[in-house]
Each structure stands twice: as C-alpha cells, then as structure tokens.
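Trainee: What follows is a single structure, and I will ask about it in a moment.
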Ligand code: CP
C-alpha cells in the first residue's frame, strides 16, 4: 500500500467525489510527454492519437508484429492497483514497439516496508526509464509524479479522476464502426460518480462531437458532472437507452466506497442493468461497450454482453494499438518518432 501525506490528501479529495485535477500545475497537462488525463485536450490532439492508433492496428495484423520504434527506450509499468487489461496491454504495446518493459509489482516492493510512493518513483527514475505508466487508487498521483520526475508519465487510471487511455480506446472502437462520432448519442450507465472511465469518456466523447447521456441512481451521479462536458442526466435506464447509438455499462465501484452504495445487487440489476428486454430500446444497430471488469448478471446480462451488438472484446483488442500510440507520443520527447511505420 502507498503510505504518504500525498496519498492521504489525495484520498480525502476522492471522498469529496470530485473529478477535479487535485491541485495540479495544469501546465503539465499541456506537456506532450505526459498523458495525465483528457481534461483540456483539444479534439485535434485526440484525433491525432486515434489516427496513430489505427496505423498501429495495421501492424498488429502483420505476421511479424514487432516494430523498432522504441528500441533502446525503457518503459516501467508502475501499478499500485490491480489490473488485467490495462497493465497487460501496456506491456504488450511496449514490447511490440521494441521497448524494454519492466513491470513493477507494488505488493512485492519496498512499499510494503514503509517506503513512500514518491520515494519509490524517485528510485525507479534513478534507473533512467523513459516512460512511467502509473495506476493508482488515489486521484492525482500521475500529476504529482509529473511535477516531481523528469521522465514521461502516462496515467493508467487514477482513483475517481481519469482513465485517459480507456476513453481513447473506447473512442477508437466507436470510430472504427461509425467513422465519426459527430452527432451520435452515447449513454453511460452506472456508477458515474466513482468511475474514472466515465470522467475521461465524458470529456472524450463530447470533444469528438457525441451527445452523452449519463444514467444511474442519484447516489451515483456526481454533483459536478455537467462540468466535465455537455451531458444530460437520467435516473431511469429506459430514458437513457431510448434510441441511443451506443451504451457503455459501468460496474458499481464498491472498492471506492466504505459504505454500501446501493441496497442490493439484485435491486440495482432490476433498475439499472442492461438486459435482453431493455436493450431493444436502443437503435437497431447500437453498440454495447463495457470497460471491464464486468460483473455479469449485475450491470449487464451475459446474453447481452456476449451478444452480436457487443464490442467489449474489440475494446480490449484496440487497447494494444491505442497504447502503442500513447507510448510513442510519450517517448517522442526522448527521441522516438510518433509516426507509425508505413
Ligand atoms: N478497464 C480497465 O481499466 O481494466 P483493468 O482494471 O483490468 O485494467
């Protein structure tokens, strides 16, 4: 576990329920080495990352997938919280780009002996990595590291705040099907308040011209949700799904609350779950997304998750190409080219 004053401060900010960048030097967000969040990122910059990701996706279809773009560069995956998709896809992305990738395991580190998160990061920096990919249970940790370290910092999700690469791969998966997100309606249903995926997706989808509906019980909709992007708020799933072009289902983030957020999983599922009945309210060719991990039978019925409209595994597949693009962007300042190979 992380033990530092920074963490206590950041954890208290989490409890206030904000998706606010926690007391950062916001100029860091404009530093192209870092990807700390999508707040303030221009549409053109998002499109540039997506274009690069589509180019890398073509590399993944080749018989020999490895490209030399990041040869001689070092990437450390610094995960202070469990992950399946994000950690693995950053590792694969780095390896396919020929970077040296090191996976740091918090539970097997000196953090267990009382070392602070910042000391851990400073020690890793002393080994001269080019990029640190950081996941933390506390909002703002990637921002704090970007202020204190010299290497590029890429957020792999911080607390309740942002999960920028997830939103980018979601946008990539939608653009792959639709060509453009302009004028499309996307519903995001679930625990919006505690979801960093929702925070980044609202910013990303609205920047790309989509209309966003957020839906959940009142306890799961943050007070400041409209400050993240132009959204409409719904407390009945039928309203949110009606004629939408896509729906993104989110799980209840139980690990981010010390108290029960909803009376029972059964009641939540009945009122806010996506099932074979209410899915028919969507447009005929609507797409179904979930960032994972899924709680089957709670926020989504297995028949819907595995059904023909689901692009949940496309999202995972696109995560590799998208993270290749993000690692190249991060390493650009240390001599790598952003260009995907022709
Ligand atoms: N979507 C997502 O962040 O999944 P992981 O926690 O498995 O990385």
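Residue numbers (our numbering): 3 to 344. We put the CB at the ideal spot given by N, CA and C, even for glycine.
1) Tell me the rounded alpha-carbon separation between residue 235 and residue 75.
2) Taking the alpha carbon of residue 41 as the reference point, which residue from 198, 241, 315 has its own alpha carbon closest?
3) Any chance you could list the beta strand (DSSP E) runs of at least 3 consecutive residues sitting entirely within the segment 38 to 98, in chain order?
4) Buried or exposed, going by whether 16 or more other CB atoms sit within 10 Å of the CB of residue 226?
5) Does ligand 2 have a heavy atom nearer than 7 Å to the CB of residue 163?
6) Along the chain, where does the alpha helix (DSSP H) that runs through residue 125 open and close?
7) For the candidate residues 211, 168, 112, whose alpha-carbon lies nearest to that of residue 45?
8) State yes or no: is the C-beta of residue 91 within less than 8 Å of the C-beta of residue 70?
9) Looking at residue 171: is its Cβ nearer than 8 Å to the Cβ of residue 320?
10) For ligand 1, which residues have a Cβ under 7 Å from at least one heavy atom, in chain order?
11) When you compare the CB positions of residue 154 and residue 121, do they come within less than 8 Å of one another, or not?
12) Of all the CB atoms in chain B, is at least one closer than 8 Å to the CB of residue 144?
13) Nearest-angstrom Cα distance between residue 60 and residue 183?
14) Tell me whether the segment 308 to 322 and the segment 165 to 180 touch, counting them as touching only if at least three CB pairs, one residue from each stretch, are closer than 8 Å.
15) Alpha carbon to alpha carbon, how far is residue 85 from residue 230?
16) Going along the chain, which unbroken runs of the beta strand (DSSP E) with 3 or more residues stay wholly within the segment 134 to 220?
17) When you compare each of 334, 332, 333, 328 to residue 58 by their alpha carbons, which one comes out closest?
18) Please look up how many angstroms separate the CB atoms of residue 193 and residue 254, rounded, as I've assumed it's under 8 Å.
19) Are the CB atoms of residue 83 and residue 137 nearer to each other than 8 Å?
20) Is it buried or exposed, residue 273, if we count other Cβ atoms within 10 angstroms and call 16 or more buried?
21) What's the gap between the Cα of residue 189 and the Cα of residue 128?
22) If we ignore side chains and look at the alpha-carbon of each, how far apart do residue 174 and residue 311 end up?
23) For residue 238, which option in 205, 214, 124, 275 has the closest C-alpha, if you only look at C-alpha atoms?
24) Name the two residues that bound the continuous beta strand (DSSP E) containing residue 235.
25) Sort out for me which residues DSSP pairs residue 316 with in a bridge.
Mentor: Reading it off the structure:
1) Here residue 235 refers to the residue found at position 233 of the chain shown. Here residue 75 refers to the residue found at position 73 of the chain shown. So the two alpha carbons sit approximately 44 Å from each other.
2) Working through the chain shown from its first residue, we reach residue 41 at position 39. The candidate whose alpha carbon is nearest that of residue 41 is 198.
3) 76 to 81
4) Mapped onto the chain shown, residue 226 falls at position 224. Burial call: exposed.
5) Ligands present in the displayed structure are limited to ligand 1, and ligand 2 is not among them.
6) Taking the chain shown and counting its residues from 1, the one referred to as residue 125 is at position 123. 119 to 127 is the span of the alpha helix (DSSP H), which, as asked, contains residue 125.
7) Counted from its first residue, the chain shown places residue 45 at position 43. With distances taken between Cα atoms, residue 45 lies closest to 211.
8) Residue numbering aside, residue 91 sits at position 89 when the chain shown is read from its first letter. Residue numbering aside, residue 70 sits at position 68 when the chain shown is read from its first letter. For residue 91 and residue 70, no; Cβs fall outside 8 Å.
9) Counting from one through the chain shown, the residue named residue 171 turns up at place 169. Counting from one through the chain shown, the residue named residue 320 turns up at place 318. Their beta carbons are under 8 Å apart, which means residue 171 touches residue 320 by this criterion.
10) 84, 85, 86, 87, 88, 89, 159, 165, 168, 199, 293, 294, 295
11) In the chain shown, the residue the question calls residue 154 occupies position 152. In the chain shown, the residue the question calls residue 121 occupies position 119. For residue 154 and residue 121, no; Cβs fall outside 8 Å.
12) Here chain B cannot be found, since the structure has a single protein chain.
13) One-based indexing of the chain shown puts residue 60 at position 58. One-based indexing of the chain shown puts residue 183 at position 181. Roughly 21 Å separates the two Cα atoms.
14) yes
15) Here residue 85 is taken as the residue at index 83 of the chain shown, counted from 1. Here residue 230 is taken as the residue at index 228 of the chain shown, counted from 1. For residue 85 and residue 230, the distance between alpha carbons rounds to 25 Å.
16) 154 to 160, 187 to 191, 213 to 217
17) What you label residue 58 is simply residue 56 of the chain shown in a count that begins at 1. If we check each option's Cα against that of residue 58, 328 comes out closest.
18) As a working note, residue 193 is residue 191 in the chain shown. As a working note, residue 254 is residue 252 in the chain shown. That pair is a contact at about 5 Å.
19) In the chain shown, counting from the first residue as 1, residue 83 sits at position 81. In the chain shown, counting from the first residue as 1, residue 137 sits at position 135. In terms of Cβ geometry, residue 83 and residue 137 form a close pair [threshold 8 Å].
20) Taking the chain shown and counting its residues from 1, the one referred to as residue 273 is at position 271. With fewer than 16 other Cβ atoms within 10 Å, it is exposed.
21) By 1-based counting over the chain shown, the position of residue 189 is 187. By 1-based counting over the chain shown, the position of residue 128 is 126. Residue 189 and residue 128: Cα-Cα distance of roughly 44 Å.
22) Position 172 of the chain shown holds residue 174. Position 309 of the chain shown holds residue 311. Whole-angstrom Cα-Cα distance: 16 Å.
23) Locating residue 238 in the chain shown gives position 236, counting from the first residue. Among 205, 214, 124, 275, the Cα nearest to that of residue 238 belongs to 275.
24) Against the chain shown, residue 235 aligns to sequence position 233. Residues 233 to 236.
25) Mapped onto the chain shown, residue 316 falls at position 314. According to DSSP, which records beta bridges pairwise, residue 316 is partnered with nothing at all.
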